[in-house]
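Participant: Sending over a structure as structure tokens; questions will come in a sec.
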Amino acid sequence: MLNFERSSLSQKLSLLSLLSTGTALTLVFAAFAVGSVIEHRGDARTQLASLAGVIAGSSSDALLHRNRRQAEMNLSALNAQPQITSAVLFDARGRPFAFYGDAQPAPMEDVSEAALADANQAGTTAWSTRMRVYRAIDDTRGAGGVVMIEASLVGMWLDIAKGLVVLGLAMGGAMLVALPLAGRFKATVADPVTKLIAAARKVSETQNYTLRVPHNRSDELGALIDSFNTMLAQIEERGTALSSH
0 MLNFERSSLS
10 QKLSLLSLLS
20 TGTALTLVFA
30 AFAVGSVIEH
40 RGDARTQLAS
50 LAGVIAGSSS
60 DALLHRNRRQ
70 AEMNLSALNA
80 QPQITSAVLF
90 DARGRPFAFY
100 GDAQPAPMED
110 VSEAALADAN
120 QAGTTAWSTR
130 MRVYRAIDDT
140 RGAGGVVMIE
150 ASLVGMWLDI
160 AKGLVVLGLA
170 MGGAMLVALP
180 LAGRFKATVA
190 DPVTKLIAAA
200 RKVSETQNYT
210 LRVPHNRSDE
220 LGALIDSFNT
230 MLAQIEERGT
240 ALSSH
């Protein structure tokens, strides 16, 4: 296990570069995942609400005249949407009047607007593979009822997973590109410091104050090297003066 306190400057710089890059990419990945889920769920709910509105508009006559065959034909139009798994048409009292797909309808105890709003809110959980939408049938002629449509979200989750896989591959490529860039950044900072350390050790061992560290930098590290060379020059001058004295 890497000991950060005892590791070399080069290792610390490499680790910090990778951690910063990895953290940024992870945040991007998380934001994309959450955004994709919210967007896809919103689109799915909008589509189901539109379908429920169409079914509600075409089923008011069937409910008014108690024409079950016509109601079932209206619901059978959902065959064109493969993600729709079931649909139920309830009358004004909440009793199942017609259904489509694998629905096992049970009577609705309350068909008020507040109850339908609560039912729509509880129609799916954050990570559910199904979504359910309720739509009231309003008719000035006295025909009332509720349309319920349920859809599978498996296709949606597969699309999200594909997008996340593509993003993950892109992030992996970004990390591969970041590695040589981090190495180059490390070299520009760690190499001058390593040269200074080597020069200081050599001066300490040989007492040779004529040693200088060459460079062509104009940043803070260059100023540090200049200060080190100036210090050696001053020590050399004092030694020469003492020897002459």
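In numbering that gives the first Met the number 0, the protein residues as written are 0 to 244. Backbone N, C-alpha and C fix where the C-beta goes; we use that ideal spot for every residue, glycine too.
Please determine if the segment 173-188 and the segment 113-127 are in contact, where contact requires at least 3 C-beta pairs separated by less than 8 angstroms.
Facilitator: Verdict: no, contact absent.
Participant: Alpha helix (DSSP H) containing arginine 67: first to last residue?
Facilitator: That run of the alpha helix (DSSP H) goes 67-75.
Participant: Assuming the contact rule is C-beta atoms closer than 8 angstroms, alanine 51 and isoleucine 148 should be a hit. Round their C-beta distance to whole Å, please.
Facilitator: Rounded, the Cβ-Cβ distance is 5 angstroms, consistent with contact.
Participant: With DSSP run on the structure shown, which of helix, strand or coil describes glycine 182?
Facilitator: Glycine 182: helix per DSSP, three-state reduction.
Participant: Cutting at 7 angstroms between CB atoms, please list the residues of its own chain near glutamate 263, excluding the five before and the five after it.
Facilitator: Coverage of the chain is limited to positions 0 through 244, which leaves residue 263 absent and any answer about it impossible.
Participant: Who are the Cβ neighbours of methionine 115 in its own chain at under 7 angstroms, not counting the five residues just before and after it?
Facilitator: Checking the displayed sequence, the identity of residue 115 turns out to be leucine instead of methionine. Excluding residues within five positions, the ones whose Cβ falls inside 7 angstroms are Tyr133, Ala135 and Val145.
Participant: Excluding the five sequence neighbours on either side, which residues of its own chain have a C-beta within less than 7 angstroms of the C-beta of alanine 61, listed in chain order?
Facilitator: The residues are Gln69, Ala70 and Asn73.
Participant: Roughly how many angstroms lie between the CA atoms of alanine 173 and phenylalanine 28, to the nearest whole one?
Facilitator: Distance between the alpha carbons of alanine 173 and phenylalanine 28 is about 12 angstroms.
Participant: Cα separation between valine 53 and asparagine 78?
Facilitator: Going from the Cα of valine 53 to the Cα of asparagine 78 covers about 14 angstroms.
Participant: In this structure, how does DSSP classify tryptophan 87 when only helix, strand and coil are distinguished?
Facilitator: The amino acid at residue 87 is misidentified as tryptophan; the sequence shows valine. Valine 87 falls in the strand class under three-state DSSP.
Participant: Going by CA-CA distance only, name the one from Ala76, Val110, Ser127 and Ile83 that's closest to proline 95.
Facilitator: The shortest Cα separation from proline 95 among Ala76, Val110, Ser127 and Ile83 belongs to Val110.
Participant: Going by other Cβ atoms of all chains shown within 10 Å of its Cβ, with 16 needed for buried, is methionine 0 buried or exposed?
Facilitator: Summary for methionine 0: the model assigns pLDDT 49, below 50, so the residue's position carries little reliability; its value from the coordinates is reported in the next sentence. Per the 10 Å Cβ criterion, exposed.
Participant: Hey, quick one: how far does the beta strand (DSSP E) through alanine 97 stretch, first residue to last?
Facilitator: Looking at the DSSP string, the run of the beta strand (DSSP E) that includes alanine 97 is 95-100.
Participant: When burial is assigned at 16 or more other CB atoms within 10 Å of the CB, is arginine 216 buried or exposed?
Facilitator: The residue in question, arginine 216, is exposed, as its Cβ has fewer than 16 Cβ neighbours within 10 Å.
Participant: Give every residue of the same chain whose Cβ lies closer than 8 angstroms to the Cβ of arginine 67, excluding the five residues on either side of it in the sequence, and list them in chain order.
Facilitator: Cβ neighbours of arginine 67 beyond the five flanking positions: Ala61, Phe96 and Ala97.
Participant: Where leucine 168 and alanine 23 are concerned, what is the direct C-alpha to C-alpha distance, given to the nearest angstrom?
Facilitator: For leucine 168 and alanine 23, the distance between alpha carbons rounds to 15 angstroms.
Participant: Rounded to a whole number of angstroms, what is the C-alpha to C-alpha distance between tyrosine 208 and valine 202?
Facilitator: Between tyrosine 208 and valine 202, the C-alpha separation is close to 6 angstroms.
Participant: First and last residue of the beta strand (DSSP E) that includes glutamate 149?
Facilitator: Segment 144-151, the beta strand (DSSP E) holding glutamate 149.
Participant: Mark leucine 175 as exposed unless 16 or more other C-beta atoms lie within 10 angstroms of its C-beta, in which case mark it buried.
Facilitator: Looking at its Cβ environment, which holds fewer than 16 other Cβ atoms inside 10 Å, leucine 175 is exposed.
Participant: Alpha carbon to alpha carbon, how far is aspartate 137 from arginine 40?
Facilitator: Taking the straight line from one Cα to the other gives about 26 angstroms.
Participant: Could you work out which residue in Ser243, Glu204 and Ile196 is closest to phenylalanine 227 when comparing CA atoms only?
Facilitator: When only C-alpha atoms are compared, the closest one is Ile196.
Participant: Hey, how far is the Cα of leucine 163 from the Cα of threonine 193?
Facilitator: Roughly 42 angstroms separates the two Cα atoms.
Participant: In or out: methionine 230 buried (at least 16 other Cβ within 10 Å) or exposed?
Facilitator: Answer is exposed; the Cβ neighbour count stays below 16.
Participant: Per DSSP, what kind of secondary structure is alanine 125 in: helix, strand or coil?
Facilitator: DSSP places alanine 125 in coil when its eight states are reduced to three.
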